[in-house]
């Protein structure tokens, strides 16, 4: 899980670097193409089928729509705002997943965790600072991206069992090609990337594939309640890369908001780990 989060942070870093020259729509097209080919090759190596009837299900269509929305918004966020703040807002994704599981999937959530969810959203507001003179509208792209990723994760939980991980990875990347093409058609400005931008795009795609594969391995081979809290290591990697590579200096409000989000998420995940054995014995479900 830690390796996956480090790879995701490096993916963000390289895509942000490419965005200095290459339009976001074009980045999504190239990133999606590279990831699609990568997962097709991975599926062939593993002997997994990618093209099945399940690809025509409504669940896959909804997941694809959420994936494309999330990727577009979050790529805009890392292109237009500091990497450290975008990474911090993204860490609220598990909070939204827990809330969504309760509201949409009927999972039980204790009142203490609802309070932690509200506190986490308060941390997001601390980073956004919705007020005159301090609010940066582009930061909302990170919020929309976070909500899209949370929706994608929720739909993943109800995907047909016959779908392989390679199929889900393929679907997640292939949808970015038309999404990027439509956004580029609307905004214009396609360019031929320089050698450094090609290298950044290639590296970002490679780390994206590695991150997804590592995340899948963590979730399939480890206890979910044990490995999930380590998702928050992405915040550390994102802030560190933002400071070292892009010279960012997160202000006090961003650091405090990040700490609130981190604390809220860990409270929910660690609390779930402690109560899971009792609830399994009683046949209940919890988030």
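Residue numbers (this note's numbering): 19 to 305. Backbone N, C-alpha and C fix where the C-beta goes; we use that ideal spot for every residue, glycine too. The structure displayed is predicted, hence computed values, not measured ones.
Does the distance from the C-beta atom of residue i to that of residue j stay below 7 Å?
{"i": "residue 173", "j": "residue 80", "result": "yes"}
{"i": "residue 86", "j": "residue 260", "result": "no"}
{"i": "residue 78", "j": "residue 272", "result": "no"}
{"i": "residue 215", "j": "residue 25", "result": "no"}
{"i": "residue 246", "j": "residue 287", "result": "yes"}
{"i": "residue 138", "j": "residue 113", "result": "yes"}
{"i": "residue 50", "j": "residue 191", "result": "yes"}
{"i": "residue 198", "j": "residue 47", "result": "yes"}
{"i": "residue 72", "j": "residue 193", "result": "no"}
{"i": "residue 170", "j": "residue 88", "result": "yes"}
{"i": "residue 104", "j": "residue 95", "result": "yes"}
{"i": "residue 236", "j": "residue 19", "result": "yes"}
{"i": "residue 56", "j": "residue 201", "result": "no"}
{"i": "residue 257", "j": "residue 141", "result": "no"}
{"i": "residue 22", "j": "residue 168", "result": "no"}
{"i": "residue 163", "j": "residue 84", "result": "no"}
{"i": "residue 230", "j": "residue 283", "result": "no"}
{"i": "residue 117", "j": "residue 135", "result": "yes"}
{"i": "residue 227", "j": "residue 53", "result": "yes"}
For a test of the three-state rule: what should DSSP assign to residue i, helix, strand or coil?
{"i": "residue 175", "result": "coil"}
{"i": "residue 310", "result": "Missing from the structure shown is residue 310; the chain here goes from 19 to 305 and no further."}
{"i": "residue 148", "result": "coil"}
{"i": "residue 265", "result": "coil"}
{"i": "residue 160", "result": "helix"}
{"i": "residue 67", "result": "coil"}
{"i": "residue 153", "result": "coil"}
{"i": "residue 301", "result": "Caution is warranted here: a pLDDT of 39 is assigned to residue 301, below 50, making its placement in the model unreliable, and the coordinate value is therefore given only provisionally. In the structure shown, residue 301 sits in coil (DSSP, three-state: anything other than H, G, I, E or B)."}
{"i": "residue 296", "result": "Its pLDDT being 43, under 50, residue 296 is placed unreliably by the model, and nothing is read from it."}
Could you tell me the boundaries of the alpha helix (DSSP H) in which residue i lies?
{"i": "residue 185", "result": "183-192"}
{"i": "residue 207", "result": "Residue 207 -> no alpha helix (DSSP H), and no H or E assigned at all."}
{"i": "residue 51", "result": "42-64"}
{"i": "residue 80", "result": "76-98"}
{"i": "residue 20", "result": "20-36"}
{"i": "residue 110", "result": "Counting along the chain, residue 110 falls outside any alpha helix (DSSP H), and DSSP gives it neither H nor E."}
Please classify residue i as buried or exposed, where buried requires at least 16 other C-beta atoms within 10 Å of its C-beta.
{"i": "residue 32", "result": "buried"}
{"i": "residue 239", "result": "exposed"}
{"i": "residue 62", "result": "exposed"}
{"i": "residue 64", "result": "exposed"}
{"i": "residue 244", "result": "exposed"}
{"i": "residue 301", "result": "Note that residue 301 scores a pLDDT of 39, beneath 50, so its modelled location is shaky; the value from the coordinates is reported in the next line. Answer is exposed; the Cβ neighbour count stays below 16."}
{"i": "residue 267", "result": "exposed"}
{"i": "residue 126", "result": "exposed"}
{"i": "residue 59", "result": "exposed"}
{"i": "residue 175", "result": "exposed"}
{"i": "residue 67", "result": "exposed"}
{"i": "residue 280", "result": "buried"}
{"i": "residue 123", "result": "exposed"}
{"i": "residue 209", "result": "exposed"}
{"i": "residue 133", "result": "exposed"}
{"i": "residue 182", "result": "buried"}
Between residue i and residue j, which are expected to be in contact by the criterion C-beta below 8 Å, what is the C-beta distance as a whole number of angstroms?
{"i": "residue 100", "j": "residue 205", "result": "22 Å between Cβ atoms; not a contact."}
{"i": "residue 253", "j": "residue 109", "result": "5 Å"}
{"i": "residue 29", "j": "residue 225", "result": "4 Å"}
{"i": "residue 131", "j": "residue 265", "result": "Contact doesn't hold; Cβ gap of about 38 Å is too wide."}
Taking only heavy atoms of the ligand SAH into account, decide whether any of them is closer than 6 Å to the Cβ of residue i.
{"i": "residue 83", "result": "In terms of ligand content, the structure shown is empty, and the ligand SAH therefore cannot be addressed."}
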